[in-house]
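Visitor: No gaps in the numbering here: position 76 of the sequence shown is 105 in the working numbering, and each next residue is one more.
By construction, the Cβ of each residue, glycine as well, lies at the ideal position given by its N, Cα and C atoms.
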Amino acid sequence: METGTARHGSPEAAESRIHRGTNQSGMRDHNERLVLSLVRQHGSLAKSDIARMTGLSAQTVSVIMRELEEDNLLVRQAPLRGKIGQPSIPMALNPDGAYFIGLKIGRRSAELVLIDFLGNVRSMLQHSYRYPAPRETVEFVTSGMKTMRGDLTPAQDKRIAGLGIAMPFELWNWADTAGAPRDVMDEWRHRDIRADIQAQCEFPVYLQNDATSACGAELVFGRAGAARDFVYFYIG
30 METGTARHGS PEAAESRIHR GTNQSGMRDH NERLVLSLVR QHGSLAKSDI
80 ARMTGLSAQT VSVIMRELEE DNLLVRQAPL RGKIGQPSIP MALNPDGAYF
130 IGLKIGRRSA ELVLIDFLGN VRSMLQHSYR YPAPRETVEF VTSGMKTMRG
180 DLTPAQDKRI AGLGIAMPFE LWNWADTAGA PRDVMDEWRH RDIRADIQAQ
230 CEFPVYLQND ATSACGAELV FGRAGAARDF VYFYIG
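So this is what it looks like as structure tokens:
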């Protein structure tokens, strides 16, 4: 069992860091990530809501959201009519705006998943084994990605933004626990699994500890999104 801890700092610091944008030039990427994070957290937001939450000017928010909509990352929702003025148009994340592939390497099995921009699982493959071996894992990923990507349209395939690997560190210390040959487990000490998989992908590949990955996923897609601090217990 491993524990992951996510800390956003003090309420004042968290408010400044998470909910404040900047009108300075050259900060487009920061502001776009901020807008997307807020929309993800709230489900849908109008331009006026985002301007109020971030402190960005109405013009800046309008430009950002228009560009995100043109990039198919945001989609318009039904207009909301108030008592006065023109109706506001909430914007939500486009599920098909981006796709991500995830690989989990465990003690007895590996899982490969394809998720959309909302975190919905579009497809999943599992491979069981007596113990994890680098070569067998790479072969599973190669075959699995071919199957998953074959089910996507060319336009969807181009929107795969990356592949993340979640695995326990120092797998070579598992030989006795997993009942595996030491020479096979020692391969994990010398093989760079991230580089092996990156060689097959045109999008970036990331590697992270499995407990840290699970904690991050809970923060983004789970119930901890609004929490300033939380502790996550992961049993792998």
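Locate the beta strand (DSSP E) running through alanine 195, then write down its first and last residues.
Guide: 189 to 196
Visitor: Give me, in chain order, the residues of the same chain whose beta-carbon lies closer than 6 Å to that of glycine 173; leave out the 5 immediate sequence neighbours on both sides.
Guide: Leu141 and Leu154
Visitor: Would you mind sorting glycine 111 into buried or exposed? The rule is 16 or more other CB atoms within 10 Å of its CB.
Guide: exposed
Visitor: Under 8 Å, do valine 68 and leucine 147 count as touching if we go by C-beta distance?
Guide: Their beta carbons are not under 8 Å apart, which means valine 68 does not touch leucine 147 by this criterion.
Visitor: Which of the three DSSP states is assigned to serine 86 in this structure?
Guide: coil
Visitor: Which of the three DSSP states, helix, strand or coil, is assigned to isoleucine 222?
Guide: Note: isoleucine 222 maps to helix in three-state DSSP.
Visitor: Report the three-state DSSP secondary structure of glutamate 168 (helix, strand or coil).
Guide: helix
Visitor: For glycine 131, name the three-state secondary structure that DSSP assigns.
Guide: strand
Visitor: Can you tell me whether valine 249 is buried or exposed? The criterion is at least 16 other CB atoms within 10 Å of its CB, across all chains shown.
Guide: Within a 10 Å sphere around the beta-carbon of valine 249 sit fewer than 16 other beta-carbons, which makes this residue exposed.
Visitor: Serine 152: which of Gly179, Ala256, Leu200 and Tyr158 sits nearest, CA to CA?
Guide: Gly179
Visitor: So, are the CB atoms of valine 213 and alanine 139 less than 8 Å apart?
Guide: no
Visitor: Less than 7 Å between C-beta atoms, sequence neighbours within five positions excluded: which residues of the same chain meet that for isoleucine 93?
Guide: Excluding residues within five positions, the ones whose Cβ falls inside 7 Å are Asn60, Glu61 and Val64.
Visitor: Looking only at its chain, what residues have a beta carbon closer than 6 Å to the beta carbon of arginine 188, apart from the 5 residues adjacent to it on each side?
Guide: Ala127 and Tyr128
Visitor: Since glycine 135 and glycine 193 are thought to touch, with beta carbons under 8 Å apart, how far apart are those beta carbons, to the nearest angstrom?
Guide: Not confirmed; about 15 Å, so no contact.
Visitor: Taking all protein chains shown into account, do 16 or more other C-beta atoms lie within 10 angstroms of the C-beta of phenylalanine 169, making it buried, or fewer, making it exposed?
Guide: Phenylalanine 169 is buried by the Cβ-count criterion.
Visitor: Could you pull out every residue in the same chain whose Cβ sits closer than 6 Å to the Cβ of serine 242, ignoring the five residues on either side in sequence?
Guide: Ala195
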